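Take a look at the structure below.
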Amino acid sequence: MLAKSDAFPRLILLFCLAALCLLGASGCVSLQPYEAVVEDLPASNLLSIDGHRVYVEAQGSGEPLVMIHGFGGSTYSWRQVLPELARSYRVIALDLRGFGFTERPEDLELYTRDAQVHLILRVLDELGIDRAHLMAHSYGGGLAMTLSVRHPERVRSLVLADSTAPDYALRRRKPVAALPPVTWLFTRIYALRPPTVRRVLERAWYDDQAVSPEVVDEYLERLRIEGAARAYRGLSTPLVHEQEKAPITYEDLTVPVLVIWGEEDQLISVEAGRSATERMPRARFVALPDCGHSPMEEQPEAFLRAVEPFLAAPDRSVASATAR
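What follows is the structure in structure tokens.
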């Protein structure tokens, strides 16, 4: 009988052999060279941050509002609400490392939660922004909460849409992701295929019919970029330096917070969102009917109706909520 220590590598080997068979039968997806991607992007949308290119979209003027997408998302995730919010705010949407049109660096440490938070702060510094409203979705919400607790002086208010917990970026890491062949095979023969992306979006969204071929193609265009497997490994493998020295909790949030949740979210239940909000000292909770995990894409008008009054007077908004 195999010992447990021997069984794990054997299982991995069998997985790789099976995947290689599948690869031979179906082929692997092709990735765009990053330099070719950059050639088609406006130079003004690319910031040089610590030696790597970071993609941003900026519109409007007024108080700064920074948008942080979720896992697998990008600036594209905000397409339905960004132009309207730019009528009143200086809106900056950015692509985190590993996603969108931002460069995928070699160093795996650059994909940790702390490194992503540092990236957001560096974008603020590069754009001359001392303090901003933050708007974040899912995985991005955990990053935004971490930034808000560690640097409250940089945050005017916080909007969380179907957010993960602050420690999600740490908890999602699995030992199997440390093996380069596994992440290469996972991304190249499974994760970056149209049927897979469609299934993920249909599970995340309430209305499957809204997941059009165009939406799937747009998501894929921003994921099928050179370095995808390396980025996924950086986002998913346990790293020695990513140990939470001082855990961040909901109770630590001192900034005004608006939490928006799709009532039909199958990934993180609306009950979990409401429970998390109750632990925040200064927070308001809004649930959107007929909506899943991505309210700014599925219900943009309802999303804006909740967001705009809050951004105009975040302190008064949460004061009235907590007074009830």
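Heads up, the sequence shown is in the working numbering, so the first residue is 17 and it goes up one at a time. Where a beta carbon is used, it is the ideal one built from N, C-alpha and C, also for glycine. Keep in mind that this is a model prediction, so the values were computed, not measured.
Nearest-angstrom beta carbon gap, residue j and residue i [assumed within contact, 8 Å]
| i | j | result |
| --- | --- | --- |
| P168 | I264 | Not confirmed; about 12 Å, so no contact. |
| L163 | I136 | 6 Å |
| H85 | F115 | 7 Å |
| W221 | E314 | 6 Å |
| V45 | D111 | Incorrect: roughly 20 Å between the Cβ atoms, too far for contact. |
| L63 | V54 | About 12 Å; that fails the 8 Å criterion. |
| L208 | A244 | 6 Å |
| P210 | V232 | 5 Å |
| V82 | L150 | 5 Å |
| R138 | I65 | 5 Å |
Sequence-distant residues of its chain with Cβ nearer than 6 Å to residue i (five each side left out)
| i | result |
| --- | --- |
| W277 | D178, V286, G289, A303 |
| E235 | In the sequence on display, residue 235 carries Tyr and not Glu. Once the five neighbours on either side are set aside, the close Cβ partners of Y235 are V213. |
| Y127 | R113, G114, G250, L251 |
| G40 | Confidence is the limiting factor: at G40 the pLDDT is only 41, short of 50, which leaves the residue's position unreliable, though a coordinate-based value still follows. Answer for G40: no residue qualifies. |
Secondary structure of residue i, DSSP reduced to three states
| i | result |
| --- | --- |
| P297 | coil |
| A193 | helix |
| R103 | coil |
| S64 | strand |
| V273 | strand |
| L98 | helix |
| L110 | strand |
| G289 | helix |
| G278 | strand |
Cβ neighbours of residue i in the same chain (closer than 8 Å, five flanking residues each side left out)
| i | result |
| --- | --- |
| L3 | Because the chain is modelled from 17 through 340, residue 3 falls outside the range shown and cannot be assessed. |
| P311 | A177, D178, I276, W277, G278, L304, A318, F319 |
| T212 | Y206 |
| L124 | R246, R249, G250, T253, L255 |
Closer than 8 Å to chain D by CB, residue i
| i | result |
| --- | --- |
| V273 | No chain D appears in the structure shown, which is made up of a single protein chain. |
Same chain, Cβ closer than 7 Å to residue i, five either side skipped, listed in chain order
| i | result |
| --- | --- |
| E324 | none |
| A350 | Look at the range of the chain in this structure, 17 to 340, and you will see that residue 350 is not part of it. |
| A99 | The sequence given here places Pro at residue 99; Ala does not occur at that position. Within the same chain, P99 has close Cβ partners Q75. |
| T203 | A244, A245, Y248 |
| A335 | none |
What are the start and end residues of each continuous alpha helix (DSSP H) run of 4 or more residues lying completely inside the region 124 to 180, in chain order?
129 to 142, 155 to 166
In chain order, each alpha helix (DSSP H) run of at least 4 residues that lies wholly inside the region 196 to 229:
196 to 202, 210 to 220
Start-end ranges of the alpha helix (DSSP H) lying completely within the region 296 to 328, minimum 4 residues
311 to 314, 316 to 328
Where in the region 67 to 95 do unbroken runs of the beta strand (DSSP E), each at least 3 residues long, occur, reported from the N-terminal end onward?
DSSP runs (the beta strand (DSSP E)) wholly in the region 67 to 95: 68 to 75, 79 to 84.
For the region 86 to 95 against the region 119 to 132, do three or more pairs of beta-carbon atoms, one drawn from each stretch, fall closer than 8 Å, so that the two count as touching?
Contact fails: fewer than three Cβ-Cβ distances are below 8 Å.
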